[in-house]
Amino acid sequence: MIDLPGSISSTRCSRAGCRAAATWAVNWRNPRIHSPDRVKVWLACDEHRDYLYDYVDARGFPVTITPAGVVVERVPEPGE
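Mind the numbering: the sequence shown is residues 1375 to 1454 in the numbering used here, read in order.
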């Protein structure tokens, strides 16, 4: 089965090696190659939520955290 873009096919944390259930969504995009309405999602458990957020934020990418399952239509630019 092929998933649609933006669909969630797993409920596990996206951190390498972690098998915990995800309770958070780290929503982000690379502004150099993605328009504001293109949202990439990494799922995170409580332990790795800040790690995954910091990884994306350190690269200067727009990023926001929501509870897992909340659909984000757009990741705003920093300061919006």
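Just so it is clear, CB atoms sit at the ideal spot from N, CA and C, and this is done for glycine as well.
Once DSSP output is grouped into helix, strand and coil, what is the label at residue i?
| i | result |
| --- | --- |
| Val-1400 | strand |
| Val-1430 | helix |
| Arg-1386 | strand |
How far does the beta strand (DSSP E) with residue i in it reach, from first residue to last?
| i | result |
| --- | --- |
| Ala-1418 | 1414-1418 |
| Ile-1439 | 1437-1441 |
Below 8 Å on the Cβ atoms is my guess for residue i versus residue j; work out the distance and round it to an integer in Å.
| i | j | result |
| --- | --- | --- |
| Pro-1436 | Arg-1403 | 6 Å |
| Ala-1442 | Leu-1417 | 6 Å |
| Cys-1419 | Ala-1396 | 6 Å |
| Glu-1451 | Asp-1411 | About 12 Å; that fails the 8 Å criterion. |
Using 7 Å as the threshold, is the C-beta distance between residue i and residue j below it?
| i | j | result |
| --- | --- | --- |
| Thr-1440 | Val-1449 | no |
| His-1422 | Arg-1393 | no |
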